[in-house]
Each structure stands twice: as structure tokens, then as C-alpha cells.
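Take the sequence shown: its letters are residues 270 to 585, numbered as in our numbering. Below: the structure, in C-alpha cells.
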Amino acid sequence: MHGMHDEPNLAALDLNLLVVLEALLAERHVARAAGRVGLSPSATSHALARLRRLLGDPLLVRDRQTLVPTARAEALAPRLADALASVRSVLAPPPAFDPATARRRFVLGLADYAQFILLPPLLTRLAETAPHIDLVARDFPVERPLERLDELDVLVAPDRSLARADPLGPHAGAGLRERRLFRERFVCLARRDHPQIGKKLDLATFVALPHAFIAPRGTPGGVVDDLLAERGLSRRVALMVQHFLVAPHAIAGSDLVITLAERVARAFATHLPLTIHEPPLPIPRFSMHLYWHERRHLDPAHQWLRQQLLAISKEL
């Protein structure tokens with residue numbers, strides 16, 4: 270047996286009736302309420318009859334020229350207004366994003382290299398245009414980065430890294446958006462006045478020298494090792510680290526040589542006694558890409574964040 274207090278079944282209810290009730294309570298006149306909601310007076314009267322049956326209350330009773338709400342109608346009026354305001358807010362377009370006043374936090378997934386390149390100019394821009402925006406930089410999630418995209422606003426990664434890190438097959442890119450940010454090339458870095466390196470770094474010297482190697486995944490072997498192997502050569506990696514921060518300092522104080530992204534090399538070579546050399550074998554360039562989830566694609570705040578990162582990349 271269904272009790273009197275069962276939840277009303279919304280699927281069986283024409284929610285437009287509530288819009289008519291709102292108009293009737295505001296106008297207290299059938300014809301005026303009809304004009305307000307764009308119905309005929311007779312359709313509005315039928316709606317009122319249905320509401321009376323639905324709620325088991327007369328709701329509005331005639332008193333000379335106007336309709337007077339019953340106690341039940343008086344009681345539900347403010348809650349009805351709240352409910353309809355809430356429904357309207359669901360359907361409203363998202364509020365515009367005003368960087369000057371917005372207070373929020375963005376979580377960016379990016380390896381230390383991308384943090385080094387992108388965060389300083391991004392902070393400069395935020396200081397000028399969006400002073401209340403906070404940033405959280407998370408290490409690039411090496412394992413299955415696309416699955417972790419839910420936790421991030423954006424992910425910045427080399428174009429080829431996701432294919433390696435996310436062997437999810439053809440559905441890996443579902444719901445994923447991407448844009449290229451900038452291209453990068455590799456150079457070699459050694460200490461200034463290195464005893465074994467002359468005017469230019471030749472392949473024989475390169476192979477003979479001990480190397481430092483940045484391995485974000487903590488595993489040996491990289492693009493340089495692959496290129497040497499193609500020529501039947503190999504190198505000794507005397508120092509392997511997961512982040513690049515210590516590497517240039519280690520190079521400056523030793524005879525090690527390192528192959529790393531040019532923008533990082535140039536930044537460190539201005540502060541440390543280091544010399545940049547052209548690699549003695551052709552190393553393909555790579556591109557840094559911006560990735561984000563389809564769900565965030567139309568969010569005005571995210572659109573703004575992506576525009577900032579694209580603008581910074583153009584200036585690089």
C-alpha cells in the first residue's frame with residue numbers, strides 16, 4: 270500500500286505546472302498569469318485544476334477580482350521560488366571568468382623541465398592579470414598519465430611520452446584534447462675549459478667521456494643510447510638522476526657531459542661555468558604538448574588558463 274507521504278514521482282509530473290503556479294501566486298489573476306507564462310487563460314485554468322488535484326489543496330481561491338492564496342500556497346511559495354531559481358541556475362550559462370577577481374587554484378601536471386620553462390613566465394602573467402590565482406605543480410605522473418588527468422587541470426608532456434607511458438591502446442585518447450605548445454631541441458653541456466673537448470665536441474670524445482643522464486622513469490637507456498646503438502657504439506652513464514636540478518651543477522664540477530633540452534642548458538649556462546656544444550650526432554627534436562580532459566574544454570576558467578600557456582609558449 271502506498272502511503273500519503275511517498276516521494277512524489279517527478280517523472281510523472283509536468284514541471285511546467287510549477288512555473289504556472291509561480292505565475293499565479295505572483296499575479297493572483299488567471300489572465301495575467303497566462304500572459305506571463307505564454308499560455309491561454311483556459312490552459313492556465315486547467316493547469317490550476319491539475320495543481321489542486323496534485324497537491325490536494327485549492328491553492329488559490331477567488332475573492333472578488335483576485336485570487337487569494339490558501340495557507341498551503343502561502344507556505345510553499347518561498348520554497349517554490351527557491352526550487353525554480355535553482356533549476357534556472359542549472360540552465361544558466363556558466364558565469365564569465367574574470368581573472369582580475371577570480372580566486373581559485375589550478376593543478377598542473379608537468380615534469381620539472383616544463384615547470385622550469387613555464388612556471389616563471391606564468392607567475393609573471395598572474396601577478397599582472399590574475400593576482401588571486403594559485404598554482405599547484407604536480408610531478409608529471411609517469412605511470413598511466415592519462416588516467417590521472419582527472420586530478421589535473423592540464424597536463425604538459427612531450428608529444429611521444431604519453432604513447433610510451435599509457436599503453437592503453439586505441440581508447441587512450443578518449444575524452445582527451447591537446448595542443449602543441451613549443452618545440453625543443455637537445456644540446457650537450459660540459460664544463461667550461463673541459464680538458465678533453467676542443468672547439469667542438471666530436472663523436473669519439475662524446476663516446477669516451479662519462480655521461481650524466483636524466484631518467485624521469487628511473488630506468489637506463491634513452492634517445493642518445495638508441496642513436497649510439499644504431500652506430501654500434503655505447504656510452505658510460507656515470508650519473509643517473511630522475512630530475513634535472515642537480516645535473517648542471519654536477520657537470521660544472523666534473524668532467525661529465527650531459528645531453529639535455531636547450532632551454533634548460535641556456536638558463537644554467539648563464540649562471541654556471543658551462544659551455545653548450547652541438548651534439549655530435551643528429552638527435553630528433555621533440556614538442557611539448559598541452560593535454561586536458563574534454564570535461565574541462567568549455568569551462569571559461571580553463572580556457573583562460575590554456576590561453577595563458579599558449580601565449581607564453583609563443584613568446585618562448
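All C-beta atoms in this analysis are idealised placements derived from N, C-alpha and C, irrespective of residue type, glycine included.
Out of Pro479, Arg448, Arg454, Leu450, the CA that lies nearest to the CA of histidine 463 is found in Pro479. Here the C-alpha atom of valine 425 lies approximately 37 Å from the C-alpha atom of serine 355. Counting the other CB atoms within 10 Å of its CB gives proline 489 a total below 16, which places it among the exposed residues. The count of Cβ pairs closer than 8 Å, one atom from the segment 499 to 515 and one from the segment 379 to 388, reaches three, so the stretches are in contact. Residue state for histidine 298 is assigned as coil, using DSSP reduced to three classes. With contacts defined by Cβ atoms closer than 8 Å, leucine 345 and glutamate 291 do not form a contacting pair. Aspartate 495 carries a helical assignment under DSSP once its states are collapsed to helix, strand and coil. Unbroken alpha helix (DSSP H) runs of no fewer than 4 residues, entirely contained in the segment 486 to 540, are found at 492 to 499, 516 to 521, 531 to 538, following chain order. DSSP places aspartate 367 outside both helix and strand once states are collapsed to three, so it counts as coil.
Looking at the DSSP output, phenylalanine 451 bridges to Met557. Around the C-beta of valine 456, 16 or more other C-beta atoms lie within 10 Å, and the residue is accordingly described as buried. In the DSSP assignment, alanine 484 falls outside any alpha helix (DSSP H) and carries neither an H nor an E.
Taking all protein chains shown into account, serine 582 has 16 or more neighbouring C-beta atoms within 10 Å of its C-beta and is therefore buried. Partner residues in the beta bridge of threonine 544, as assigned by DSSP, are Ala459.
Proline 551 and valine 423 have their alpha carbons spaced roughly 32 Å apart. Contact between isoleucine 386 and leucine 458 does not hold, since the beta-carbon distance rounds to 16 Å and is not under 8 Å.
Of the candidates Leu529, Val289, Val306, Leu391, the residue whose Cα lies closest to the Cα of tryptophan 573 is Leu391. For glycine 444, same chain residues with a beta-carbon under 8 Å away, outside a window of 5 residues either side, are His562, Glu563, Arg564 in chain order.
The shortest C-alpha to C-alpha distance from glutamate 447 to any of Asn285, Leu293, Leu578, Leu287 is the one to Leu578.
Nearest in C-alpha terms to arginine 454, of all of Pro364, Leu585, Leu349, Leu284, is Leu585.
Per the C-alpha coordinates, the member of Val533, Leu502, Leu349, Gly304 positioned closest to threonine 474 is Leu502. When the Cα atoms are used, histidine 315 and glutamate 276 turn out to be separated by approximately 24 Å. Beta bridge pairing from DSSP links leucine 421 with no other residue. Rounded to whole angstroms, the Cβ separation of serine 309 and alanine 318 is 14 Å, and the two are not in contact under 8 Å. Here DSSP, grouped into helix, strand and coil, assigns phenylalanine 475 to helix. Cβ-Cβ distances below 6 Å link leucine 470 to Cys457, His546, Pro549 in the same chain, with the five nearest sequence neighbours on each side left out; the list follows chain order. Annotation for alanine 406: the continuous beta strand (DSSP E) segment containing it runs 402 to 407. Distance between alanine 342 and arginine 357, taken at the CA atoms: about 21 Å. Arg373 is the residue among Asp283, Arg373, Gly307, Arg322 whose C-alpha sits nearest the C-alpha of proline 569. Here leucine 387 carries a helix assignment [DSSP, helix/strand/coil]. Around the Cβ of threonine 528, a 10 Å sphere holds 16 or more other Cβ atoms; the residue is buried.
DSSP places aspartate 351 inside the alpha helix (DSSP H), whose first and last residues are 340 to 360. Beyond the five residues adjoining it in sequence on each side, leucine 559 comes within less than 7 Å, by CB distance, of Val423, Val425, Glu447, Arg448, Leu450, Arg575, Leu578 in the same chain, given in chain order.
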